[in-house]
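Peer 1:
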Amino acid sequence: MSACYSQLTTVRGIVRDATTNKPLQNATVSFPAGRGSVSDVMGRYLLETQRNFTQIIVSYVGYKKDTITIEKGVEQEVNIELFADSSNSLDNVVVRKNKHKGYSNKNNPAVELIKKVIENKWSNRSDSYDFSEFEQYDKLEFSLSNPSKAVTKSKLLKKYSFITQNRDTTKLEGKSLLPVYLEETISQKFYRKNPAVEKTKILATRKVNFGPFVDNNGITSYLNFIYQDIDIYESNINLLTSQFLSPISDLAPTFYMFTIQDTIVTDEGDKLVKLYFTPRNTNDILFRGTLFITTDGNYAVQQVNMSISKNININWVRNLKISQEFEKNTDGRWHVSKSNLKTEFGISNNKNAGGIFAERLASYRNFTINQPRPDSIYSDPVAPVITDALAQTDSFWTASRHDTLSEAEAKIYYNMDSLRKMRSFQRMMDIATLFLAGYKSFPGFEIGPVSTFYSFNPIEGFRLRFGGRSTTKLSSRFFVNTYVAYGFKDEKWKYYFGLGYSLNKKSIYEFPNNFVRGSYQQEVKIPGQELQFVSEDNFLLSFKRGENDKYLYNKIAKLEYIKEFRNHFSYNLGFKNWQQSPAGALSFLKFENGVATNVEALTTTELSVELRYAPNEKFYQNKNYRTPLFNKYPIFTFRYIQGIKGIFKGDYNYSNVGLNIFKKIYLGQFGYTHAVLDAGYIFGQVPYPLLTVHRANQTYAYQLQSYNLMNFLEFVSDHYVSLNLDHNFQGLILNRIPLIKRLKWREVASFKILQGGVRNENDPALHPELYKRPVDSTGNPITYSLNRQPYMEASVGVANIFKFLRIDLVKRITYLDHPNVSALGIRARLKFDF
44 MSACYSQLTT
54 VRGIVRDATT
64 NKPLQNATVS
74 FPAGRGSVSD
84 VMGRYLLETQ
94 RNFTQIIVSY
104 VGYKKDTITI
114 EKGVEQEVNI
124 ELFADSSNSL
134 DNVVVRKNKH
144 KGYSNKNNPA
154 VELIKKVIEN
164 KWSNRSDSYD
174 FSEFEQYDKL
184 EFSLSNPSKA
194 VTKSKLLKKY
204 SFITQNRDTT
214 KLEGKSLLPV
224 YLEETISQKF
234 YRKNPAVEKT
244 KILATRKVNF
254 GPFVDNNGIT
264 SYLNFIYQDI
274 DIYESNINLL
284 TSQFLSPISD
294 LAPTFYMFTI
304 QDTIVTDEGD
314 KLVKLYFTPR
324 NTNDILFRGT
334 LFITTDGNYA
344 VQQVNMSISK
354 NININWVRNL
364 KISQEFEKNT
374 DGRWHVSKSN
384 LKTEFGISNN
394 KNAGGIFAER
404 LASYRNFTIN
414 QPRPDSIYSD
424 PVAPVITDAL
434 AQTDSFWTAS
444 RHDTLSEAEA
454 KIYYNMDSLR
464 KMRSFQRMMD
474 IATLFLAGYK
484 SFPGFEIGPV
494 STFYSFNPIE
504 GFRLRFGGRS
514 TTKLSSRFFV
524 NTYVAYGFKD
534 EKWKYYFGLG
544 YSLNKKSIYE
554 FPNNFVRGSY
564 QQEVKIPGQE
574 LQFVSEDNFL
584 LSFKRGENDK
594 YLYNKIAKLE
604 YIKEFRNHFS
614 YNLGFKNWQQ
624 SPAGALSFLK
634 FENGVATNVE
644 ALTTTELSVE
654 LRYAPNEKFY
664 QNKNYRTPLF
674 NKYPIFTFRY
684 IQGIKGIFKG
694 DYNYSNVGLN
704 IFKKIYLGQF
714 GYTHAVLDAG
724 YIFGQVPYPL
734 LTVHRANQTY
744 AYQLQSYNLM
754 NFLEFVSDHY
764 VSLNLDHNFQ
774 GLILNRIPLI
784 KRLKWREVAS
794 FKILQGGVRN
804 ENDPALHPEL
814 YKRPVDSTGN
824 PITYSLNRQP
834 YMEASVGVAN
844 IFKFLRIDLV
854 KRITYLDHPN
864 VSALGIRARL
874 KFDF
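Under our numbering, the first residue of the sequence shown carries the number 44, and numbering increases by one thereafter.
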């Protein structure tokens, strides 16, 4: 018998326990023989149909099934109360010793079903087709959740009432949301299986612009990094910088428990099995929720609703919920049609306290399979193409977005644009930038970073520094960076001046770079120290252990050309003239005809090329450095330096070749590892300052890419290879210890090994004309080669203390007979993370 169709019937409401009035999550609400819905964490549900149903059926494990009459053809709210099923009451449960049977995978129909899903998941993936394409709409929104009245009604924000009054009370039950950020993107996705290519063509994009105070592109990169596309068919799902095991991973039966709850028939006549899953250990980085599985032989996912446990070792997250819907392709298989991720963040676990609510909605349309495109479509797999600029008009978005904006969402762009133009807001952001980034802005110029204004070391004593740089308000082509510093002990001035010219009319701090830059610097430094993401004259790095009195005065003139491509390949061509003069207890001493001679300065002239490839790289650009957002792809860096004798007083001919490979290795429930393989070789005869001076660390901070128990200038090499492994277990062990697990600490461990050496031609003991290696005050050597054995150190520690502190116990394994070395040390590192 054919079905009769009429107007759309919409039913929404909340499912609650009739006794406690608490909302029931994962209750099944469906039309008779029709499509079903599952209540969310707040007990809410939504049903829609065009068939002439007059009833809905509600069921939940442990509760009596209920049938409720509704009106057809109208939109209505029906709140439901379910009563516990007395036949399943605890009063009727009899426990017999040694007869209790717990959950088991064996002879469990739910486990057998999920195994079928796992067996068929590769054929149900969208990338199993030879060709596929679709249109994708993304909406990413951030709102303040339950902002305090003391804040929103304060005199400080009185001028911004048009922002604080733009509330949304419909999206999150019991919460008032104040939208502050919105980003929308419409793109066309193309996929080819062989050879594998995935291309994204951006048709239109729109987002809130906070102005020059923050890196707007960096915000986009970071938010899209922590809210990546969710593929339920992947074994591991990357989310919030963590990796969650999918409920249909090959390992899912080991870490999850599964239960069949119900069967449902959709409006289209598809029969589904409702499968509930929950972690065996609620502290593991896993999901809990329901899967709706097709029974047509595909064993595909038709719908998924899942959330995380409050016990999970994730910082700041009060609640996280994912829902995905799938629709049938023309070939009978299923693809995702809608994906929604909602997260609430907060410092405390108090649900009524203020916080941040984030939502990412992804919608997919016009899914086309096995229709090949011309090769030109796949020629550039990563470069987005921005089409007609008029596509970003309001009328375009109204017609093209897949989802209608709420009233509060629709006002975000206008409100934030108005806010950005207000002088009072600019002043407030200027002050915030000073405290958070260390820069104070003026028209066309900014002064900073503040953290370098004061420091101290044994050579300069008390050191003051003052500097700054130009901004795009002064010029979009030319960029100036400069500082001046003075040491009160050595009574010497240090300074830097750099002038850059952009070839693509962009700031040199924006990706992709294309600029030339010339600079001159006169500065003091420790040999072999090239720190990442921090300035060497940072006040906190002034505190060092052990002997620290051997420095260099450097005069460096550089000219470089840097070119980056959208596929994240880049090259750097450079010219450098470098004069090194010993300072403090360091000296350049060599023997000529048996006579000792002190060399006042060593001068080198170098040509260099550096090639770097970081596929799919994401990063956040702050005022000083790019902070990488590491993904599963490796990063390759190759460098070649050629020293030229006789040009601009260069003293030596030599070649320096190096290769660095970085990889973040994901190990599922066992955490992740940062692995760095580094190697180098120097051709030619050179004195020790031109050898590789291995990066040591005599501060009390734990440095990832330094040797934390190696002394400055302790080892030099003309050839070497090193491997650094830093592993984070993400609480794998501590999460299972009572009481301790509440602290959400995370175990970390590292191992570093360095093998190298110095060839005979670079050994000053065999060639007295080379500089004698440094010695201490008693004449004992302090600089060595690694010819005897590799240098090794390891550490174990605890991270996420107070959600930002890591403390490591570091053990030095080899070369313990060297003077003034420590076999053990405690080091600390600050880092905020999820």
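Positions of the beta carbon are idealized from the N, C-alpha and C atoms, including for glycine.
Whose CA, out of Asn620, Pro824, Val864, Asp339, lies closest to the CA of Tyr834?
Peer 2: Cα-wise, what sits closest to Tyr834 is Val864.
Peer 1: Measuring straight from C-alpha to C-alpha, what distance separates Glu118 and Phe96?
Peer 2: Glu118 and Phe96: Cα-Cα distance of roughly 13 Å.
Peer 1: Measuring straight from C-alpha to C-alpha, what distance separates Phe308 and Tyr234?
Peer 2: According to the sequence shown, residue 308 is Val rather than Phe. About 32 Å.
Peer 1: Please name the residue in Asn659, Tyr709, Pro730, Phe705 whose C-alpha comes closest to that of Lys718.
Peer 2: Correcting the residue identity first, residue 718 is Ala in this sequence and not Lys. Out of Asn659, Tyr709, Pro730, Phe705, Phe705 has the C-alpha closest to the C-alpha of Ala718.
Peer 1: Output needed for Leu183: all residues of its chain with C-beta closer than 7 Å, excluding positions within five of it in sequence on either side, in chain order.
Peer 2: Same-chain partners within the cutoff: Glu226, Leu266, Tyr270, Arg403.
Peer 1: Which residue or residues does DSSP assign as beta-bridge partners of Arg855?
Peer 2: Answer by DSSP bridge pairing, in chain order: Glu836.
Peer 1: Secondary structure at Ser749, three-state DSSP: helix, strand or coil?
Peer 2: Correct three-state label for Ser749: coil.
Peer 1: Considering Cα atoms alone, identify which of Gly511, Asn392, Phe177, Ser204 is closest to Gln414.
Peer 2: The shortest C-alpha separation from Gln414 is found at Phe177.
Peer 1: What do you get for Ala442, buried or exposed, if any count of 16 or more other CB atoms within 10 angstroms of its CB means buried?
Peer 2: So Ala442 counts as exposed.
Peer 1: Does the beta-carbon of Glu216 have 16 or more other beta-carbons within 10 angstroms, so that it is buried, or is it exposed?
Peer 2: By the neighbour-count rule (16 or more Cβ atoms within 10 Å), Glu216 is not buried but exposed.
Peer 1: By a C-beta neighbour count over all protein chains shown, 10 Å radius and 16 as the cutoff for buried, is Leu752 buried or exposed?
Peer 2: Per the 10 Å Cβ criterion, buried.
Peer 1: Can the beta-carbon of Ser765 be found closer than 8 Å to that of Ile725?
Peer 2: In this structure, Ile725 does not lie closer than 8 Å to Ser765 by Cβ.
Peer 1: Using C-beta distances below 6 Å, list every residue in its chain close to Leu654, excluding the 5 sequence neighbours before and after it, in chain order.
Peer 2: Counting only Cβ-Cβ distances below 6 Å, and skipping sequence neighbours, we find Tyr614, Phe681.
Peer 1: Looking at the structure shown, is Trp788 part of a helix, part of a strand, or coil, going by DSSP?
Peer 2: The answer is coil: DSSP assigns Trp788 none of H, G, I, E or B.
Peer 1: Report back the beta-carbon spacing between Tyr750 and His762 to the nearest angstrom; my notes put them in contact at under 8 Å.
Peer 2: Tyr750 to His762, Cβ: 18 Å. No contact.
Peer 1: How big is the Cα-Cα spacing for Asn362 and Phe410?
Peer 2: For Asn362 and Phe410, the distance between alpha carbons rounds to 32 Å.
Peer 1: Excluding the five sequence neighbours on either side, which residues of its own chain have a C-beta within less than 8 Å of the C-beta of Asn341, listed in chain order?
Peer 2: Answer for Asn341: Asn163, Ser166, Asn167, Gly375, Arg376, Trp377, listed in chain order.
Peer 1: Please give me, in chain order, every unbroken run of the alpha helix (DSSP H) with length at least 4 that falls completely inside the segment 583-616.
Peer 2: Those alpha helix (DSSP H) runs which fall completely within the segment 583-616 and span 4+ residues do not exist here.
Peer 1: Taking C-beta to C-beta, are Gly487 and Thr525 nearer than 8 Å?
Peer 2: Contact flag unset, no.
Peer 1: Any idea what DSSP makes of Arg870, helix, strand or coil?
Peer 2: It is a strand residue.
Peer 1: Taking its Cβ as the centre, do 16 or more other Cβ atoms sit within 10 Å of Glu757, making it buried, or is it exposed?
Peer 2: So Glu757 ends up on the buried side.
Peer 1: Measuring only the C-alpha atoms, how far is Ala61 from Ser278?
Peer 2: So the two alpha carbons sit approximately 39 Å from each other.
Peer 1: How about the segment 684-700 and the segment 772-783: do they share at least three Cβ pairs that are nearer than 8 Å?
Peer 2: Segments in contact, no.
Peer 1: What are the start and end residues of the alpha helix (DSSP H) that includes Asp293?
Peer 2: Where Asp293 is concerned, there is no enclosing alpha helix (DSSP H), given that its DSSP letter is neither H nor E.
Peer 1: Per DSSP, Thr71 is paired with what?
Peer 2: Note: Thr71 sits in a beta bridge opposite Val81, Ser102.
Peer 1: Comparing C-alpha positions only, which one of Gln623, Leu786, Gln345, Gln664 sits nearest to Trp359?
Peer 2: That would be Leu786, whose Cα lies nearest to the Cα of Trp359.
Peer 1: Using alpha carbons as the reference points, say which of Ser760, Phe794, Ala722 lies closest to Pro730.
Peer 2: If we check each option's Cα against that of Pro730, Ser760 comes out closest.
Peer 1: Nearest CA to the CA of Ile245: which residue from Phe673, Val559, Gln231?
Peer 2: Residue Gln231 is the option with its Cα nearest to Ile245.
Peer 1: Exposed or buried, which one is Pro75 when buried takes at least 16 other CB atoms within 10 Å?
Peer 2: By the 10 Å Cβ count, Pro75 comes out exposed.
Peer 1: Looking at Ser102 and Asp305, is the spacing between their C-beta atoms short of 8 Å?
Peer 2: In this structure, Ser102 lies closer than 8 Å to Asp305 by Cβ.
Peer 1: Asp460: buried (16+ other C-beta within 10 angstroms of its C-beta) or exposed?
Peer 2: By the neighbour-count rule (16 or more Cβ atoms within 10 Å), Asp460 is not buried but exposed.
Peer 1: Express the C-alpha separation of Met471 and Val223 in angstroms, rounding to a whole number.
Peer 2: Distance between the alpha carbons of Val223 and Met471: 16 Å.
Peer 1: I'd like the span of the beta strand (DSSP E) that includes Tyr539, first residue to last.
Peer 2: From DSSP, the beta strand (DSSP E) with Tyr539 extends over 535-545.
Peer 1: Look at the Cβ atom of Pro817, then the Cβ atom of Lys593, and state whether they are nearer than 8 Å.
Peer 2: It is a contact, given that the beta carbons lie within the stated cut-off.
Peer 1: For Gln685 versus Glu649, is the C-beta spacing smaller than 8 Å?
Peer 2: Contact flag set, yes.
Peer 1: Evaluate Arg331 with the Cβ neighbour count: other Cβ atoms within 10 Å of its Cβ, from every protein chain shown; 16 or more gives buried, anything less gives exposed.
Peer 2: Arg331 should be labelled buried.
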